[in-house]
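**Student:** Chains as they are written, first to last, in the working numbering: chain C, 10 to 121; chain W, 402 to 517.
Got a structure here, written out as structure tokens. Questions coming.
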Amino acid sequence: AQSVTQLDSHVSVSEGTPVLLRCNYSSSYSPSLFWYVQHPNKGLQLLLKYTSAATLVKGINGFEAEFKKSETSFHLTKPSAHMSDAAEYFCVVSRGSYIPTFGRGTSLIVHP
Amino acid sequence: EPEVTQTPSHQVTQMGQEVILRCVPISNHLYFYWYRQILGQKVEFLVSFYNNEISEKSEIFDDQFSVERPDGSNFTLKIRSTKLEDSAMYFCASSESRAGANYGYTFGSGTRLTVV
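Here it is as structure tokens:
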């Protein structure tokens, strides 16, 4: 079985400060992990993915995530938040024939 | 960049009516999925489709739901007799490989279904 937990339902940061969105997963096998972003009234856009290659994954818009097997984590970070980063972020886990499982989402709020 | 296209973007229907939500996956993708997101809740898996048949489905995907790929390009979700609780955003997705191992899953923009 697999599951994913996004530890924060809301994260609030000031523009220009670092962003950290936390995700922990549970999977019986080596997982594939993804981060998706959903802007208001928009679809889901892939930010980045981990599929057993490099543990530090770089994505679009300056985001990156590090796969830490010992901590079963895949936290999303960005050095400096921009107003346009305000959105809902979803951590997703899948493995083999398992269907991708979504976390509950983290709403990122960026203050000017 | 290739996109998954969903139509319509919004659909309002009366309770008990049938609705068909349409999706055009990326042309070389082989695996297709439907998800839904009830307002304020998590994104939930409904069904996956491969080689012209359902490969997996969730408990949500009961007899009132059906999927088909009628013409080799479209991928549709039909809800036979809509209920108020079917109101949600429905997302279609496709992937080139099983579990999205190579390139992940590409999602459409969603269809917001409102049942009144």
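Each residue gets a CB set at the ideal place from its N, CA and C atoms; glycine is no exception.
These numbers come from a predicted model, not from an experiment.
Grouping DSSP H, G and I as helix and E and B as strand, with all else coil, what is Asn70 of chain C?
**Tutor:** As a working mapping, residue 70 of chain C is identified with position 61 in the first sequence. Helix.
**Student:** May I ask you to list, following chain order, the residues of the stretch 426-448 of chain W that have a beta carbon less than 7 Å from some beta carbon of chain C?
**Tutor:** Taking 7 Å as the Cβ-Cβ cut-off against chain C, the residues of the stretch 426-448 of chain W that qualify are Lys443, Val444 and Phe446.
**Student:** Please confirm whether Tyr491 of chain W has its beta-carbon closer than 8 Å to some beta-carbon of chain C.
**Tutor:** Your numbering for residue 491 of chain W matches position 90 in the second sequence. No - not a single Cβ of chain C is within 8 Å of the one on Tyr491 of chain W.
**Student:** With distances taken from CA atoms, which of C:Ala90, C:Ser61 and C:Ser21 is nearest Phe72 of chain C?
**Tutor:** Your numbering for residue 72 of chain C matches position 63 in the first sequence. That would be C:Ala90, whose Cα lies nearest to the Cα of Phe72 of chain C.
**Student:** Quick one: give me the first and last residue of the beta strand (DSSP E) that Leu478 of chain W is part of.
**Tutor:** The residue given as residue 478 of chain W occupies position 77 in the second sequence. Start and end: Phe476 to Ile480.
**Student:** Which residues share a DSSP beta bridge with Met416 of chain W?
**Tutor:** The count along the second sequence starts at 1 and reaches residue 416 of chain W at position 15. According to DSSP, which records beta bridges pairwise, Met416 of chain W is partnered with nothing at all.
**Student:** Count Cβ pairs between the stretch 46-59 of chain C and the stretch 87-102 of chain C that sit closer than 8 Å; are there 3 or more?
**Tutor:** Contact between the stretch 46-59 of chain C and the stretch 87-102 of chain C is present, because at least three Cβ pairs lie under 8 Å.
**Student:** If you check the beta carbons only, do Glu497 of chain W and His411 of chain W fall under 8 Å apart?
**Tutor:** Stepping through the second sequence from its first residue, residue 497 of chain W is reached at position 96. Stepping through the second sequence from its first residue, residue 411 of chain W is reached at position 10. Not closer than 8 Å, so no.
**Student:** Whole angstroms is fine: what's the gap from Leu30 of chain C's alpha carbon to Thr86 of chain C's?
**Tutor:** Within the first sequence, residue 30 of chain C is the residue found at index 21, counting from 1. Within the first sequence, residue 86 of chain C is the residue found at index 77, counting from 1. Whole-angstrom Cα-Cα distance: 6 Å.
**Student:** Which same chain residues, not among the five before or five after Glu75 of chain C, have their C-beta less than 7 Å away from its C-beta?
**Tutor:** Here residue 75 of chain C is taken as the residue at index 66 of the first sequence, counted from 1. The residues are Thr64, Leu65 and His84.
**Student:** Is the CB-CB distance between Ser82 of chain C and Asn33 of chain C below 8 Å?
**Tutor:** As a first step, residue 82 of chain C is located in the first sequence; it is residue number 73 there, counting from the start. As a first step, residue 33 of chain C is located in the first sequence; it is residue number 24 there, counting from the start. Yes.
**Student:** Could you tell me which residues DSSP puts in a beta bridge with Glu97 of chain C?
**Tutor:** Residue mapping note: residue 97 of chain C aligns to position 88 of the first sequence, counting from 1. Per DSSP, C:Gln47 and C:Ser116.
**Student:** Kindly identify the DSSP beta-bridge partner or partners of Phe508 of chain W.
**Tutor:** Residue 508 of chain W sits at position 107 when you count from the first residue of the second sequence. According to DSSP, which records beta bridges pairwise, Phe508 of chain W is partnered with W:Ala494.
**Student:** Using a Cβ-Cβ cutoff of 9 Å, what residues of the stretch 99-118 of chain C are near chain W? List them in chain order.
**Tutor:** Listed by position, the residues of the stretch 99-118 of chain C near chain W (Cβ gap below 9 Å) are Phe99, Val101, Ser103, Arg104, Gly105, Ser106, Tyr107, Ile108, Pro109, Thr110, Phe111, Gly112, Arg113 and Gly114.
**Student:** At 7 Å on the CB atoms, spell out the chain C contacts of Tyr506 of chain W, in chain order.
**Tutor:** Against the second sequence, residue 506 of chain W aligns to sequence position 105. Under the 7 Å cutoff, chain C gives Pro109.
**Student:** To the nearest angstrom, how far is it from the Cα of His120 of chain C to the Cα of Asp17 of chain C?
**Tutor:** On the first sequence, position 111 is the one that residue 120 of chain C refers to. On the first sequence, position 8 is the one that residue 17 of chain C refers to. Cα to Cα, the separation comes out at about 17 Å.
**Student:** Hey, is Gly68 of chain C's beta-carbon within less than 8 Å of any beta-carbon in chain W?
**Tutor:** Here residue 68 of chain C refers to the residue found at position 59 of the first sequence. No, no contact with chain W.
**Student:** Of the residues W:Tyr434, W:Cys424, W:Leu440 and W:Tyr436, which one's Cα is nearest the Cα of Leu485 of chain W?
**Tutor:** If you number the second sequence from 1, residue 485 of chain W lands on position 84. That would be W:Leu440, whose Cα lies nearest to the Cα of Leu485 of chain W.
**Student:** What is the residue span of the beta strand (DSSP E) that Arg437 of chain W lies within?
**Tutor:** Locating residue 437 of chain W in the second sequence gives position 36, where the first residue counts as 1. Start and end: Tyr432 to Gln438.
**Student:** Against Lys51 of chain C, what residues of chain W qualify as contacts under a CB-to-CB distance less than 7 Å, listed in chain order?
**Tutor:** What you label residue 51 of chain C is simply residue 42 of the first sequence in a count that begins at 1. Within chain W, the residues near Lys51 of chain C are Ser510.
**Student:** Can you find the residues in the same chain that come closer than 8 Å, C-beta to C-beta, to Ser467 of chain W, ignoring five residues on each side of it along the sequence?
**Tutor:** As a working mapping, residue 467 of chain W is identified with position 66 in the second sequence. For Ser467 of chain W, where only same-chain residues beyond five positions count, the Cβ hits under 8 Å are Leu478, Lys479 and Arg481.
**Student:** What is the DSSP secondary structure of Glu445 of chain W, counted as helix, strand or coil?
**Tutor:** As a working note, residue 445 of chain W is residue 44 in the second sequence. Of the three classes helix, strand and coil, the one that applies to Glu445 of chain W here is strand, per DSSP.
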